[in-house]
Structures are given as C-alpha cells and as structure tokens.
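Enquirer: This structure is in structure tokens; I'll ask about it shortly.
Numbering (the UniProt record's numbering), first residue to last: 1 to 94.
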C-alpha cells in the first residue's frame, strides 16, 4: 500500500468531529498536502489530543501484556503514535 493510499484508508475510519475537521481542512488547512502517515497522525494528535506527550510516554512505559498478544500490540500501537519523539530503537526495546 502506498503512503497516499494509507492516508486515504485511515481517513475512511474518521467520524464525527474528526471527519469534519479532516475533510474541511483539505481546502482550508492544507490537509491535501499531507504525504506521509506520520504527518497525518501528527496533525490528528495536534488537533485532538489535549494531554501532555509526557503522559503518553508514562502510559507507554507502564503498558504490560496481561492478555493476548493482539490486544497488547493494539494498545502499544495506539499509545506509541501519541509519543512523537519515540525512537524506532526504543520501540523495539519495549
């Protein structure tokens, strides 16, 4: 899947205020210039996440696998995108 296709697929899963914000922003906020998934997620985080990135980092550090691996991986991916400065090497370590 190309980067552009990944962004298009991701936007199909937006709803409510996030969907309105994204599609309205295609013209007014320059969303049409977004070319990477990282930039897409950063814009979502900037707009909708009101927590301090340090709180996400703490949540990530406390994350433990207590159930099946799929649940842990989903939780890890959900939180790790909220920590923009998390290096790839750290993700492997964790």
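Ideal Cβ positions, reconstructed from N, Cα and C, are used throughout, including at glycine. Note that the structure is a prediction, hence the values are computed from the model and not measured.
Mapping DSSP to helix, strand and coil, what is residue 20?
Expert: Note: residue 20 maps to helix in three-state DSSP.
Enquirer: DSSP three-state call for residue 26: helix, strand or coil?
Expert: Helix.
Enquirer: Looking only at its chain, what residues have a beta carbon closer than 7 Å to the beta carbon of residue 65, apart from the 5 residues adjacent to it on each side?
Expert: So the list reads 72, once near-sequence residues are dropped.
Enquirer: To the nearest angstrom, how far is it from the Cα of residue 20 to the Cα of residue 67?
Expert: If I take the Cα positions, the gap works out to 35 Å.
Enquirer: With residue 6 and residue 37 assumed to form a contact (beta carbons below 8 Å), what rounded beta-carbon distance in angstroms separates them?
Expert: Residue 6 to residue 37, Cβ: 5 Å. Contact.
Enquirer: I'd like the span of the alpha helix (DSSP H) that includes residue 61, first residue to last.
Expert: Unbroken alpha helix (DSSP H) run through residue 61: 53-62.
Enquirer: The alpha helix (DSSP H) that contains residue 75, what's its start and end?
Expert: Counting along the chain, the alpha helix (DSSP H) containing residue 75 begins and ends at 69-80.
Enquirer: Express the C-alpha separation of residue 10 and residue 77 in angstroms, rounding to a whole number.
Expert: Roughly 14 Å between the two C-alpha positions.
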